[in-house]
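Quick notes on the structure that follows.
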Amino acid sequence: MQNVLVINGPNLNLLGAREPDVYGSTTLSELESLISGWGARRDLEISCYQSNHEGEIIDRLHAARSVHDGVIINAGALTHYSYALHDAIAATELPTVEVHISNVRHREPWRRQSVIEPACIYTIFGRGVDGYRHAIDHLVNRAAAEVHPYRYGPAEDHIADLRLPPGQGPHPVAVLIHGGFWRDHWTRDSMEGLAVDLALRGWASWNLEYHRVGSGGGWPATLEDVARGIDHLESAAGDHNLDLNRVVTVGHSAGGHLALWSAVRPHLADGTPNPVSRVPVRGVIALAGVSDLADGHGRGIGHNAVDEFLRRTPHDGPERYASASPAEMLPLGVPQVLVHGTADDAVPIEMSRTYAARAEAAGDPVTLLELDGVGHMELVDPDDPAWHTAAAALQGLG
Ligand code: DQA
76 MQNVLVINGP
86 NLNLLGAREP
96 DVYGSTTLSE
106 LESLISGWGA
116 RRDLEISCYQ
126 SNHEGEIIDR
136 LHAARSVHDG
146 VIINAGALTH
156 YSYALHDAIA
166 ATELPTVEVH
176 ISNVRHREPW
186 RRQSVIEPAC
196 IYTIFGRGVD
206 GYRHAIDHLV
216 NRAAAEVHPY
226 RYGPAEDHIA
236 DLRLPPGQGP
246 HPVAVLIHGG
256 FWRDHWTRDS
266 MEGLAVDLAL
276 RGWASWNLEY
286 HRVGSGGGWP
296 ATLEDVARGI
306 DHLESAAGDH
316 NLDLNRVVTV
326 GHSAGGHLAL
336 WSAVRPHLAD
346 GTPNPVSRVP
356 VRGVIALAGV
366 SDLADGHGRG
376 IGHNAVDEFL
386 RRTPHDGPER
396 YASASPAEML
406 PLGVPQVLVH
416 GTADDAVPIE
426 MSRTYAARAE
436 AAGDPVTLLE
446 LDGVGHMELV
456 DPDDPAWHTA
466 AAALQGLG
């Protein structure tokens, strides 16, 4: 991946002035210089193009075929009805990432449908202008290592991406579980940098998608997906020589919650142990993990994300914590490494400190690695020393 075309469609020339409460205050020219900088960091040459005209965008895509290696497109409202644009994207045969600044799934019903999505390799929405940076990272990470996608259920979100290290195996497996406070605009691309890095460290990775709050997830669907997604490793193990006795879950933030939870995977109705889990989790790495839902509720983390995830109403009792919160499920019975930055303002480090003390008192082998001055996102940046610390801990568990 060397040369990427970024297309912005109708009305995006008005960015900054147009509905700033929806699209933010960054202008198109500011956005384009941000994008060029993000591209340069990944050794990419970026060409930016904007047009309000469907035919011109289609002509630009046709011309891209022989010049560019990938495309990022925010097609504006054309997204929702232009089959001609779908066909043009398909005709280029270039990996194309669809981006939307706003959360199109939570707006008018007609914005929820994208007719170009089937022609694109990935869709990113609702992350503001950062979505373009994530699209660049996705193109680069996807080109860096071959991806074997596995479907573990009938829905679009029932997908796990397998990446393999070099060599014959048997390979230890890191199940990657992304964060984003269980909400739908965060998806598994946020763990892809780690997946690429792990292959170089000799680990296969199984990067799980799951239903999230806002698109059919929350308690219990999210948890059911994670349990099912991990067990689906069985179907890939034979083809790729995966060592299912060396499976470690690695989760970030809300994904850290799911990674800890998956070590036990209790029955959701009553929190009792679940003997039907077929692939045992040998250890857990929780990166700034939400290990204690009651504590997360009390602190109101992620704008009351725990309440949304648990679908609690003021009339509910605390029952759901028993089947969903790792802190209520101790001991988990497997080694756990909690990695947490002292400067994390999304999930405060105090949560890991309290959880570690409780886990240890319950007899679990637990290690808390406190990283001085480190915030929330460094832990999933493969170039950051914070991730290197976590990756070294992972080697100890595999
Ligand atoms: C948009 C969403 C579209 O529905 C809208 O028509 C746009 C911008 C976004 O970036 O959020 O113009 O693509």
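For the sequence shown, this note's numbering assigns the number 76 to the initial residue and increments by one for each residue that follows.
Glycine residues also receive a C-beta, built at the ideal position from the N, C-alpha and C atoms.
In this text the structure is predicted, and so the values were computed from the model without any measurement.
Mapping DSSP to helix, strand and coil, what is Ser427?
Of the three classes helix, strand and coil, the one that applies to Ser427 here is helix, per DSSP.
Inspect the CB distances between the stretch 206-213 and the stretch 280-291 and report whether three or more fall short of 8 Å.
Taking a cut-off of 8 Å for Cβ pairs, the stretch 206-213 and the stretch 280-291 do not touch, as fewer than three such pairs fall below it.
Cβ pair count under 8 Å reaching 3, the stretch 222-240 against the stretch 276-283:
Judged by Cβ distances under 8 Å, the stretch 222-240 makes contact with the stretch 276-283, as three or more pairs qualify.
When the distance is taken between beta carbons, is Val215 closer than 8 Å to Phe200?
The answer is no: Cβ separation not under 8 Å.
How about Ser427 and Ser366: are their beta carbons less than 8 Å apart?
Result yes, Cβ atoms of Ser427 and Ser366 sit closer than 8 Å.
Can you check whether the CB of Gln77 is closer than 8 Å to the CB of Asp144?
Cβ atoms of Asp144 and Gln77: closer than 8 Å.
So what does DSSP say about His181, is it helix, strand or coil?
Here His181 sits in helix by DSSP.
heavy atom of the ligand DQA below 7 Å from Ser328 C-beta
Not under cutoff, so the answer is no.
Does the distance from the C-beta atom of Thr347 to that of Pro355 stay below 8 Å?
Contact flag unset, no.
Cα-Cα separation, Thr167 to Ala230:
If I take the Cα positions, the gap works out to 27 Å.
Taking 7 Å as the cut-off, is the CB of Val204 close to at least one heavy atom of the ligand DQA?
Checking every heavy atom of the ligand DQA against the Cβ of Val204, none is found closer than 7 Å.
Beta-carbon separation (whole angstroms), Ile110 vs Val146, contact threshold 8 Å:
Approximately 13 Å separates the beta-carbon atoms of Ile110 and Val146; this is outside 8 Å, ruling out the contact.
Pair within 8 Å by beta-carbon distance, Ala431 and Ile360:
The Cβ atoms of Ala431 and Ile360 do not sit closer than 8 Å to each other.
The ligand MG and Ile176: does any heavy atom of the ligand fall closer than 7 Å to the residue's C-beta?
Inclusion of the ligand MG in the displayed structure is not the case, the ligand content consisting of the ligand DQA alone.
On the three-state DSSP scale, how would you describe His260?
The three-state secondary structure of His260, taken from DSSP, is coil.
Which residue comes first and which comes last in the alpha helix (DSSP H) that contains Val215?
Counting along the chain, the unbroken alpha helix (DSSP H) around Val215 starts and ends at Asp205 to Ala219.
Just tell me which of Thr171, Arg202 and His213 has its CA closest to the CA of Ala194.
Of Thr171, Arg202 and His213, the smallest CA-CA separation from Ala194 is found for Thr171.
Within its chain, find whatever has a CB closer than 6 Å to the CB of Asp272; leave out the 5 residues flanking it on each side and keep chain order.
Annotation for Asp272: Pro457 place their beta carbon closer than 6 Å to its own, counting only its chain and skipping 5 residues before and after.
Proximal residues to Thr442 (C-beta, below 6 Å), its chain only, five neighbours per side dropped:
The residues are Val412.
Is Val190 close to the ligand DQA? I mean its beta-carbon at under 7 Å from any heavy atom of the ligand.
At a cut-off of 7 Å, the beta-carbon of Val190 does not count as near the ligand DQA: no heavy atom of the ligand is closer than that.
With respect to the beta strand (DSSP E) encompassing Val190, which residues constitute its N-terminal and C-terminal limits?
Unbroken run through Val190: none, as it is neither H nor E.
How far does the alpha helix (DSSP H) with Gln470 in it extend, from its first residue to its last?
Gln470 -> alpha helix (DSSP H) spans Pro460 to Leu472.
May I ask you to report which of helix, strand or coil DSSP gives His307?
His307: coil per DSSP, three-state reduction.
Using C-beta distances below 6 Å, list every residue in its chain close to Arg140, excluding the 5 sequence neighbours before and after it, in chain order.
Counting only Cβ-Cβ distances below 6 Å, and skipping sequence neighbours, we find Thr167.
Okay, do the stretch 153-160 and the stretch 246-262 touch, 3+ Cβ pairs below 8 Å being the bar?
Judged by Cβ distances under 8 Å, the stretch 153-160 makes no contact with the stretch 246-262, as fewer than three pairs qualify.
Could you give the distance in angstroms between the alpha-carbon of Ala92 and the alpha-carbon of Leu106?
Computed Cα separation, rounded: 13 Å.
Any heavy atom of the ligand DQA closer than 7 Å to the beta-carbon of Arg238?
In this structure, the ligand DQA has no non-hydrogen atom nearer than 7 Å to the beta-carbon of Arg238.
According to the Cβ coordinates, are Leu89 and Thr101 closer than 8 Å?
Contact flag unset, no.
From this set, Ile252, Trp257, His213 and Gly292, which residue's C-alpha is nearest Gly268's C-alpha?
Taking each of Ile252, Trp257, His213 and Gly292 in turn and checking the Cα distance to Gly268, the smallest one comes out for His213.
Alpha carbon to alpha carbon, how far is Glu173 from Tyr197? Give it in angstroms, no decimals.
Answer to the nearest angstrom: the Cα atoms are 6 Å apart.
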